[in-house]
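To convert, note that position 181 of the sequence shown is 180 in numbering that gives the first Met the number 0; the numbers rise steadily by one, no gaps. The block underneath contains the structure these notes are about, expressed in structure tokens.
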Amino acid sequence: MSIKVVVAGAKGKMGSEAVKMIHQDENLAFVAGVDSKLSGGDVGETIGIGPIGAPFYHDLEQALSENEVDVLVDLTTPAVVKEHMITAIQLGVRPVVGTTGLSPEDIEELDKLSKERNVGAIIAPNFAIGAILMMKFAQQAAKYMSDVEIIEMHHDQKLDAPSGTAIKTAELIGEVREEHKQGHPEEKEELDGARGAFYQGFPIHSVRLPGLVAHQQVMFGGEGQSLTIRHDSINRTSFMPGVQLAINKVMTLHGLVYGLDKIMD
Ligand code: NAP
0 MSIKVVVAGA KGKMGSEAVK MIHQDENLAF VAGVDSKLSG GDVGETIGIG
50 PIGAPFYHDL EQALSENEVD VLVDLTTPAV VKEHMITAIQ LGVRPVVGTT
100 GLSPEDIEEL DKLSKERNVG AIIAPNFAIG AILMMKFAQQ AAKYMSDVEI
150 IEMHHDQKLD APSGTAIKTA ELIGEVREEH KQGHPEEKEE LDGARGAFYQ
200 GFPIHSVRLP GLVAHQQVMF GGEGQSLTIR HDSINRTSFM PGVQLAINKV
250 MTLHGLVYGL DKIMD
């Protein structure tokens with residue numbers, strides 16, 4: 000039996016790639032798209048792949064309650080993602096969330112709700128498998144090289160900074176790195192923000208430019224040496240194997256999982 004999926008943000012850059020992937024996967028069934036403006040019509044026609052017999056809903060709750068739905072894939076905006084997750088969990092629909100911008104407090108609250116309702120959920124700040132490996136390698140390196148800076152680079156339409164991936168990388172590094180404030184103790188910023196945002200004493204820098212997709216490098220420095228670990232997503236299809244994996248895995252979960260790394264073997 001195929002897994003029935005609704006995509007919120009279905010006409011967006013990520014959402015439309017997710018619709019194409021789901022439509023092509025014979026183990027998945029695309030039921031409907033949710034959009035902030037569109038209602039009715041055919042999602043396939045709107046995103047340029049021809050009719051696929053699935054409409055847009057303006058209202059998420061309506062999309063999830065009028066159809067038989069197993070999984071909600073959310074690729075929308077930081078402003079609505081938490082509400083979307085709450086609605087889905089309350090209706091017994093498992094959320095797979097790529098939208099970034101949820102705070103640690105939001106994640107804690109959603110974790111509690113998903114456990115109370117016994118509904119599986121996945122939040123993945125980065126669905127690219129290569130980015131997960133970049134984070135794992137960075138955590139390994141941080142055990143031995145504790146001076147580190149993260150530079151994340153994204154397209155200029157991104158709303159949140161630093162990226163969810165940068166925060167997740169910082170958390171993983173923070174778990175193993177010997178905590179200390181880097182740089183000269185008397186370092187002074189001549190321009191505010193020149194040294195970036197600090198997480199447990201090490202900086203994160205966010206670059207936003209047209210032409211970029213999603214890129215991150217983690218730079219380590221030691222006596223007489225440096226190490227750079229870098230990942231580049233050059234287009235949004237790079238995220239789809241991760242979305243596909245998460246849709247399948249969420250069907251077997253009973254609480255919230257944060258990070259694709261937790262579901263990769
Ligand atoms: P995008 O092209 O702007 O798409 C967002 C879509 O969400 C738009 O179509 C927007 O429609 C729709 N939307 C906004 N409010 C909505 C609502 N209340 N209900 C339903 N749909 C709504 O952005 P994107 O590049 O696809 O990115 C989407 C999210 O995914 C962002 O948070 C981004 O950071 C994240 N992201 C995650 C990963 C990952 O691997 N986890 C990778 C890339 C991006 P309107 O324009 O009509 O409002």
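Just so it is clear, CB atoms sit at the ideal spot from N, CA and C, and this is done for glycine as well.
Closest by CA to residue i, which one among the options?
{"i": "E148", "options": "I203, R235 and R176", "result": "I203"}
{"i": "E178", "options": "Y143, K167, G14 and N125", "result": "Y143"}
{"i": "G129", "options": "R235, E170 and K111", "result": "R235"}
{"i": "G100", "options": "N125, A87 and R93", "result": "N125"}
{"i": "L255", "options": "D73, I88, D58 and H214", "result": "I88"}
{"i": "K167", "options": "K111, T86, V217 and E82", "result": "V217"}
{"i": "F197", "options": "A165, K36 and V72", "result": "A165"}
{"i": "H154", "options": "R194, R207 and T75", "result": "R207"}
{"i": "G119", "options": "L59, D58 and G91", "result": "G91"}
{"i": "D24", "options": "D260, D264, P240 and L259", "result": "P240"}
{"i": "F201", "options": "K111, P184 and H253", "result": "P184"}
{"i": "K36", "options": "S225, P54 and E16", "result": "P54"}
{"i": "R265", "options": "G39, D159 and R93", "result": "Past the edges of the chain, shown from 0 to 264, lies residue 265, and the structure says nothing about it."}
{"i": "P209", "options": "K157, E44, E16 and E65", "result": "K157"}
{"i": "K114", "options": "L252, L259, D260 and I262", "result": "L252"}
{"i": "I85", "options": "P103, L112 and P77", "result": "L112"}
{"i": "V72", "options": "S15, E108, A78 and D110", "result": "S15"}
In chain order, what residues of the same chain have a beta carbon less than 7 angstroms from the beta carbon of residue i, not counting five sequence neighbours either side?
{"i": "V18", "result": "V6, A9, F29, G32, V42 and I46"}
{"i": "I172", "result": "A137, Q138, A141 and V147"}
{"i": "M20", "result": "M239, V242 and Q243"}
{"i": "K180", "result": "G200"}
{"i": "P266", "result": "The shown model of the chain, from 0 to 264, leaves out residue 266, and the question about it has no answer."}
{"i": "D105", "result": "K81"}
{"i": "S38", "result": "F55, Y56 and H57"}
May I ask you to list the residues that DSSP assigns as paired with residue i?
{"i": "M218", "result": "E148 and T227"}
{"i": "V96", "result": "D73 and I122"}
{"i": "I106", "result": "According to DSSP, which records beta bridges pairwise, I106 is partnered with nothing at all."}
{"i": "G33", "result": "Per the sequence shown, residue 33 should be read as Val rather than Gly. Per DSSP, A7 and Y56."}
{"i": "V256", "result": "I121"}
{"i": "L63", "result": "DSSP lists no partner for L63."}
{"i": "A87", "result": "Note: A87 sits in no beta bridge, so no partner."}
{"i": "P202", "result": "F197"}
{"i": "A28", "result": "K3"}
{"i": "R207", "result": "H153"}
{"i": "A213", "result": "H153 and S232"}
{"i": "G39", "result": "F55"}
Return the chain-ordered list of same chain residues with a C-beta closer than 8 angstroms to the C-beta of residue i, the five sequence neighbours on each side being excluded.
{"i": "I2", "result": "N26, L27, A28, D69, V70, I246, N247 and M250"}
{"i": "R229", "result": "M133, H214, Q215, Q216 and V217"}
{"i": "E67", "result": "K3 and V30"}
{"i": "G11", "result": "L74 and T75"}
{"i": "S225", "result": "M218 and F219"}
{"i": "R176", "result": "A141, K142, S145, V147, Q199 and F201"}
{"i": "H22", "result": "F29, G43, I48 and I51"}
Output needed for residue i: all residues of its chain with C-beta closer than 6 angstroms, excluding positions within five of it in sequence on either side, in chain order.
{"i": "I122", "result": "V96 and Y257"}
{"i": "L244", "result": "none"}
{"i": "T227", "result": "Q216 and M218"}
{"i": "T75", "result": "A7, G8 and T98"}
{"i": "Y56", "result": "A31, V33 and A62"}
{"i": "E65", "result": "none"}
Beta-carbon of residue i versus every beta-carbon of chain C: anything under 8 angstroms?
{"i": "Y198", "result": "Protein chains in the displayed structure number just one, and chain C is not present."}
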